[in-house]
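As structure tokens, the structure follows; a few thoughts come after it.
Numbering (full-length UniProt numbering), first residue to last: 1 to 85.
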């Protein structure tokens with residue numbers, strides 16, 4: 001039996017589980033205008049159902065996680081400054 005790594009290969013996302021642009025904006029705490037821009041630039045995964053745009057909550061979580069920036073340590077700051085002189 002092959003191992004299933006992605007649940008979406010077994011159970012496709014149903015329309016009632018998908019979020020509208022407004023719901024997605026609330027979920028990621030951004031403006032509707034920003035979410036529309038992400039869609040226009042194809043920087044975020046989305047589904048098109050007719051003229052409607054919908055989002056999978058899992059895709060939104062992955063989008064937010066991908067933007068995570070790790071904090072700098074004092075050692076890495078000093079290491080970076082040594083090369084500037």
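Heads up, the beta-carbon is just placed ideally off N, CA and C, and yes, glycines get one too.
Exercise for review: Would you tell me roughly how many angstroms separate the C-alpha atoms of residue 54 and residue 46, rounded to the nearest one?
Suggested key: Approximately 6 angstroms between the Cα atoms of the pair.
Review point. So, are the CB atoms of residue 64 and residue 28 less than 7 angstroms apart?
Key: At a Cβ-Cβ threshold of 7 angstroms, residue 64 and residue 28 count as neighbours.
Check your understanding: Whole-angstrom Cβ separation of residue 32 and residue 40, contact assumed at under 8 angstroms?
Key -> Contact annotation, residue 32 with residue 40: C-beta distance approximately 13 angstroms; criterion of less than 8 angstroms not satisfied.
Check your understanding: Could you give the distance in angstroms between the alpha-carbon of residue 62 and the alpha-carbon of residue 36?
Key -> Their backbone Cα atoms lie some 18 angstroms apart in a straight line.
Check your understanding: By DSSP, does residue 76 sit in helix, in strand, or in coil?
Key -> Residue 76 falls in the helix class under three-state DSSP.
Exercise for review: Give the straight-line distance between the Cα atoms of residue 59 and residue 71, rounded to the nearest whole angstrom.
Suggested key: The alpha-carbon separation between residue 59 and residue 71 amounts to approximately 24 angstroms.
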